[in-house]
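Trainee:
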Amino acid sequence: MGRAFVGIQPSFPAAAREALKDSQLRTNLAHATGTIRGKRARVTEELPDWEFLREAARGIKQQTLADLADLLVEFEKNAQAAGAIVHWASSAEEAIAVVREVAERHGVESFVKVKSLTTDEIGLNEAMNAVGVDAYETDLAELIVQIANEHPSHVLVPAIHKNRSQIRDLFIEHLGANEDTVDDPAVLASIARAHLRSRFLDAKMAVSGANFAIADTGSLVVVESEGNGRMCLTLPEVLVSIVGIEKIIPSWEDLEVMMQVLPRSSTGERMNPYTTIWTGTAEHDGPAEVHIVLLDNGRSRTLAEPVGRDALMCIRCSACMNVCPVYERTGGHAYGSVYPGPIGAILTPQLLGPGQAETLPYASTLCGACYDVCPVMIDIPSILVHLRATGPHGGTEKAAFAEVARTLSNARGMRRAHRWARFGLPLARLGSALRIGPIRAWSRSRSLPQVPRESFRDWWNTR
Amino acid sequence: MSNTRERVLTAVRSASEAMPTTSFSRNYRTSLEPSDSILELFIDRLLDYRATVIDLRLEVDADKIRTEIEAVLAERDIASVAVPVGLPDGLRPTCVPVVEDRGLTNSELDVTGASLTESAISVALSGTILLDHAGNQGRRALTLIPDTHICLVHIESIVGTLPEAIAKLGPRKVMTWISGPSATSDIELVRVEGVHGPRNLIVLLHALNS
Amino acid sequence: MRPRVALFATCVGDVAFPNAIIATVKLLERLGVEVSFPQAQGCCGQMHVNSGFPDLAIPMVRSFAEAFSGCDLIVAPSGSCVGSIRHQMLSVARRSGDESLVSHVQEIVPRVRELTEYLVDDLGLVDVGAVFPHRVAYHPSCHSLRVARVGTRPYDLLRNVEGLELVEQENADSCCGFGGTFSVKNSDVSSAMLTDKLDAITSSGAEFVTSLDVSCLMQIGGGLAHERSGVRTVHLAEILAGTVN
Ligand code: SF4
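As they're listed, the protein sequences go chains A, P and G.
For the first sequence, this note's numbering begins at -6 and goes up steadily by one.
For the second sequence, this note's numbering begins at 2 and goes up steadily by one.
For the third sequence, this note's numbering begins at 757 and goes up steadily by one.
(1) For valine 987/G versus valine 1000/G, is the C-beta spacing smaller than 9 angstroms?
(2) For serine 311/A, is the beta carbon positioned less than 8 angstroms from some heavy atom of the ligand SF4?
(3) Can you tell me the Cα-Cα spacing of proline 774/G and valine 882/G, whole angstroms?
(4) Give me the residue from Ala208/A, Glu166/A, Ser234/A, Val215/A with the minimum Cα distance to alanine 199/A.
(5) Compare the beta carbon distance of cysteine 767/G and methionine 121/A with 9 angstroms and say whether it is the shorter of the two.
(6) Please report how far the alpha carbon of glutamate 994/G lies from the alpha carbon of arginine 446/A, in whole angstroms.
(7) Considering isoleucine 976/G, what are the terminal residues of the alpha helix (DSSP H) in which it resides?
(8) Going by C-alpha to C-alpha distance, which of Val148/A, Lys155/A, His147/A sits closest to isoleucine 140/A?
(9) For a test of the three-state rule: what should DSSP assign to aspartate 278/A, helix, strand or coil?
(10) Mind pulling the chain G residues with CB within less than 7 angstroms of valine 319/A?
(11) Would you decide whether aspartate 303/A is buried or exposed? Buried here means 16 or more other CB atoms lie within 10 Å of its CB.
(12) Grouping DSSP H, G and I as helix and E and B as strand, with all else coil, what is asparagine 122/A?
(13) Near isoleucine 336/A, what residues of its chain come up, given a Cβ to Cβ distance below 6 angstroms and the 5 sequence neighbours on each side ignored?
(14) Taking CB distances under 9 angstroms as the criterion, tell me whether leucine 163/P reaches chain A.
(15) Can you name the residues that DSSP bridges to glutamate 790/G?
(16) According to the Cβ coordinates, are glycine 222/A and alanine 75/A closer than 9 angstroms?
(17) Classify isoleucine 976/G as buried or exposed, calling it buried when 16 or more other Cβ atoms lie within 10 Å of its own Cβ.
(18) From the DSSP secondary-structure annotation, give me the bridge partner or partners of phenylalanine 938/G.
(19) CB valine 175/P to CB aspartate 278/A, shorter than 9 angstroms?
(20) Spatial neighbours of glycine 919/G within its chain, please: CB distance less than 8 angstroms, with the 5 preceding and 5 following residues excluded, ordered by chain position.
(21) Give the range of the alpha helix (DSSP H) segment to which alanine 208/P is assigned.
(22) Report the neighbours of phenylalanine 45/A on chain P: residues whose CB is nearer than 9 angstroms to its CB, in chain order.
(23) So, valine 970/G versus serine 834/G, is the Cβ gap smaller than 9 angstroms?
(24) Distance check for arginine 30/P and valine 319/A, CA to CA, integer angstroms please.
(25) Drop a sphere of 10 angstroms on the beta-carbon of glycine 125/A, count the other beta-carbons inside from all chains shown, and report buried for 16 or more, exposed for fewer.
(26) Where DSSP assigns a beta bridge to cysteine 799/G, which residues make up the other side?
(27) What residue does the beta strand (DSSP E) around isoleucine 78/A start on, and which one ends it?
(28) What does the alpha-carbon distance come out to for the pair isoleucine 957/G and glutamate 926/G?
(29) How many whole angstroms separate the CB atoms of methionine 492/A and leucine 163/P, which I take to be in contact at a CB cut-off of 8 angstroms?
(30) Round the Cβ separation of leucine 89/A and leucine 117/A to the nearest angstrom and send it over; I've been treating them as touching at under 8 angstroms.
(31) State the beta-bridge partners of glycine 387/A as determined by DSSP.
(32) Beta-carbon separation of valine 204/P and valine 154/P under 9 angstroms?
(33) Does the beta carbon of aspartate 15/A come closer than 9 angstroms to any beta carbon on chain G?
(34) State the DSSP-derived secondary structure class of serine 108/P, mapped to helix, strand or coil.
(35) Tell me which same chain residues have a C-beta within less than 6 angstroms of the C-beta of asparagine 315/A, skipping the five on either side of it?
(36) Count the other CB atoms within 10 Å of the CB of alanine 8/A; is the residue buried (16 or more) or exposed (fewer)?
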């Protein structure tokens, strides 16, 4: 698998501890998530039918999952009829092979790219780089992250961990900007524009993802703000789009729902500046050669999970991340995956399969804020709890919980629990099971409660 | 590859086999209240996106509209305009060179000051202009590369909601939905109008039937 | 006829925070409610379910069902436990494969009320005659807000307490960082969340913080005590019952 998925996942608690030390990251994240949260709340509250839209969006994606095989076949047929070349990939390697083959056949040494989590998931840029083909990110934030040789810290604003002066320095060093460039966002944006302009106009090939793939027309949809997407999707001669199989929506009509819930949930705008929809190839308009790679890469395995499959309904709006109190403090890097935040905590372990990312389902207080904002109403807390139940547990942890369970199941046990609590026994036991000094960690920032001499039960029985 | 196709489809089929078929209702709005002024709402949204709006909502005279377009060009020092072949002659400015897009190259479009097109349909609630790239709108590159897009919107082509637009228009081979000029908030979340797409969007509302 | 309820004291309340439960009893009795306490009760099983041991929760659910069988209304002063009873207990019962337990739970769950729901909906009261002349910050615990969904009931009750000034708190509805074993497994993130919560509380000018959940109050109170801030934590029932000393 791709860049952030390579090798052994770091444990979330350890990665989070590191992230928490970065005070700039924390300040920037709190500002970003807070601002986007407020915008989202305003533009969803102004719609009297918001909850109906959510219900319909959920219904559409549920129907998609239930009929996915048929819808994929329908999409393929319609896209092919419109002139697209459809490929299938069960793994990251297979998807990369398609891009590589197309690039080699056209003899290109580079291609332009639209920001896409799916291509990040398969590690496309690194893989192509290794065979001598450069992938140029064209989204402003992705460009910043790419020249800084880092990973996105936020799905929506990937370079939010960087301040304007740091970005100016990067532009001076990597894009040849003048030494006396001021760190005004408008100036920096125009430098990026100038830098990428000729790249767009001369590009032979582009690679994109897609927000939606419409089964009954064979069309793909890309939603964006800057116009770099339109450039990549329109100007090159060859276009390859990597599309996760769950990106399907059944019909053209469904766009009227998805395009109302996505921008409002995502950037908190009533509509994103640009949406491009294309169906195969069009005469004298856009790329003459259009490829679509339908990617599985763990999705069909996830679909087989009766509880966890709902994660595949996700439309990647990032609303759950912006309301998540954990994500707000740690940022995206701590999740060790291109899919961070609450959705990442349920999607990453499932896409990767057993034995991977096992600490992610615990990266949540189960506060439920994600479920409340999710435009397709994915019950993320319940899926987190389910993944905790199906994941591995240490023997001592299990024994400790079993003992607590026996204790808390009857009156005699409850009296014993009170005695234990008074002497801190269960906490200590649980602590050793969790292999952390819980009392120590806890009391770094909190005092332990005093347990009264008399339990409620004692009071009741003696009054 | 066809092997992979079968493998993926078989896995998907067996994974979703036991899934219950669900039904759901579409109780969302398909139109606005009669009391809502669609036109005012549309203008409000466009201004919110920092587009420029020229409100000639009652204008049915092509000469007057053209004069207004020429005033915009003069005011902004725009020295050349690219238009689609289907743009009515009466609307083409006479004060600057007008090139018809019969396969202009990217670099030719890049040195053109503005594009001038009509539009297919617009949605008031979200301030969105939908282009279906018919003859009066031209191909996608035309309204993408020049730094200013002057877009003519007939007031009767404005509907209240997205469902109305989708129902009226039906599937199209290629489409571009535009809600304001190109924008980014990637640096410290500060909104900047104009990155790669046209940095200026000028929407001219009119009532001229072609 | 005198209203009657069975009290679910919750395991943490019974063992570690008896004052909140005693206050609940005194409040209800003052309002003329006859309160019973089925002795066989223990825990609702939430901690085990949320920690990934749903099967271990089966005996707890069983004893809960036995303890409250035949009770008309069950009242618990906890948004978190009520939320868990509503959203998790049935699925635990199903795991047991015991159909009679499933139907037993199905029959009990709709009769469970969070304390503020019982006061506002069943008794029709927002003014319970309490007096508490202090500045109070309310922490809407996540589970009372988004799982049990008690809505504005706690605010309605607090606004009707004589002398009480409800103070505004920044990001009031954001999590305190407890999350059960989260506070142990991810103690650094938990502490970071708590720090922000404490800042919001101390800068609100509150003398007391109140909530429907003793677990959040334990987290927040532990932090306040650690900081020696002087702000105290009390359960909402204690304010309404007038038992804060
Ligand atoms: S899980 Fe829901 S809220 Fe989160 S990114 Fe996906 S669609 Fe958006």
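We put the beta carbon where it would ideally sit given N, CA and C, even for glycine.
Mentor: Reading off the structure:
(1) no
(2) yes
(3) 24 angstroms
(4) Ser234/A
(5) no
(6) 19 angstroms
(7) 970 to 982
(8) Lys155/A
(9) strand
(10) Val945
(11) buried
(12) helix
(13) Cys307, Cys313
(14) yes
(15) Arg760/G
(16) no
(17) buried
(18) Partner(s): none; phenylalanine 938/G has no beta bridge.
(19) yes
(20) Val887, Phe888, Pro889, His890
(21) It is not in any alpha helix (DSSP H) - alanine 208/P carries neither H nor E in the DSSP assignment.
(22) Ser26, Arg27, Asn28, Tyr29, Arg30
(23) yes
(24) 35 angstroms
(25) exposed
(26) According to DSSP, which records beta bridges pairwise, cysteine 799/G is partnered with nothing at all.
(27) 78 to 82
(28) 8 angstroms
(29) It is not possible to answer for residue 492/A, since the shown part of chain A is limited to -6 through 456.
(30) Residue 89/A is actually isoleucine in this sequence, not leucine. That pair is a contact at about 6 angstroms.
(31) Looking at the DSSP assignment, glycine 387/A forms no beta bridge with any residue, so it has no partner.
(32) yes
(33) no
(34) helix
(35) Thr26, Ile29, Arg30
(36) buried
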